[in-house]
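Report on the structure given below.
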């Protein structure tokens, strides 16, 4: 029998290591291109991007090929969406706008089989050929929730008490918007992001946030373990350098 595929991100986080999961990687070909580079996982965008349920199987197969964790951002706290995404082969989910402990518990209940939760009793692409998959899946399923509304920051002590959440991800853009600030780099948003990450870490939980090449070291120093870098700035930087070198920039 086959063994269940290990969740690289979960295991590295448990070892206290920093993980890097690029944002918005939405085609199998792009995952294959970036796979050899060594990222721990890929953030597959099904909240804002074009990804639908029919796309998830091939996207997660590409992640499996490179031993990278497939993490799909769904679009809301909805049990059917959560466990259907996992059934299609995702090794982890990211859930946006989680503002209360009750919502966090609903997510855990939908993502985990008994005795932890009540995920729909069905197979998964990750379970093909795996003996006793239903009893092994809970250990390999990653749950990330987004702290991206000011109400969630106010409710953070209660959120941090919910078990089986692997990462509490502080998302500065929507957090700022919830405060009426559209510039995610505004000093007050940066300060609140830092404060929230430190609060998460002080509670013994794992924090994550958006990170660019220029500030990744800073966020690691603040305490973030789960880094989410956009890859398009790397493409832009390389393109600009090339155009300047050939006199077309």
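Numbering (the working numbering), first residue to last: 1259 to 1507.
In this text, a Cβ means the ideal position worked out from N, Cα and C, and glycines have one as well.
| Query | Result |
| --- | --- |
| Assuming the contact rule is C-beta atoms closer than 8 Å, residue 1366 and residue 1401 should be a hit. Round their C-beta distance to whole Å, please. | 6 Å |
| Just mark residue 1252 as buried or exposed, buried being the case when its beta carbon has 16 or more other beta carbons within 10 Å. | The chain is shown only over 1259 to 1507; residue 1252 falls outside these bounds and no answer can be derived. |
| Tell whether a beta-carbon distance below 7 Å holds between residue 1282 and residue 1326. | no |
| Identify every run of the alpha helix (DSSP H) within the region 1369–1405, keeping only runs that are complete inside it and at least 4 residues long; order them along the chain. | 1391–1398 |
| Select from 1368, 1506, 1389 the residue whose C-alpha is nearest the C-alpha of residue 1399. | 1368 |
| What did DSSP end up calling residue 1481 once you bin it into helix, strand or coil? | coil |
| Counting Cβ pairs closer than 8 Å, one from the region 1340–1349 and one from the region 1380–1388, do we hit at least three? | yes |
| Are at least three pairs of beta-carbons, each pair with one atom in the region 1328–1343 and one in the region 1288–1305, less than 8 Å apart? | yes |
| Report yes if the C-beta distance between residue 1362 and residue 1403 is below 7 Å; otherwise report no. | yes |
| Check each candidate in 1435, 1264, 1353 and name the one with the smallest Cα separation from residue 1321. | 1264 |
| From 1444, 1496, 1319, 1405, pick the residue whose C-alpha is nearest to that of residue 1386; which is it? | 1319 |
| Name the residue from 1364, 1459, 1370 whose alpha carbon lies nearest to the alpha carbon of residue 1425. | 1459 |
| When DSSP labels each residue in this structure, what does residue 1303 get in the three-state scheme? | strand |
| For the beta strand (DSSP E) holding residue 1468, just list the boundary residues, first then last. | 1465–1468 |
| So, are the CB atoms of residue 1333 and residue 1305 less than 7 Å apart? | yes |
| So who's on the other strand from residue 1488, going by DSSP bridges? | 1281 |
| DSSP has residue 1351 in a bridge; who is on the other side? | 1330, 1401 |
| How many Å lie between residue 1391 and residue 1261 at the Cα? | 9 Å |
| Which one or two residues does DSSP pair with residue 1260 in a beta bridge? | 1388 |
| May I ask which residues mark the beginning and end of the alpha helix (DSSP H) holding residue 1428? | Residue 1428 -> not in any alpha helix (DSSP H); beta strand (DSSP E) instead, spanning 1425–1428. |
| Given a cut-off of 7 Å on the beta-carbon distance, is the pair residue 1518 and residue 1455 in contact? | In this structure the chain extends from 1259 to 1507, so residue 1518 is not present and cannot be described. |
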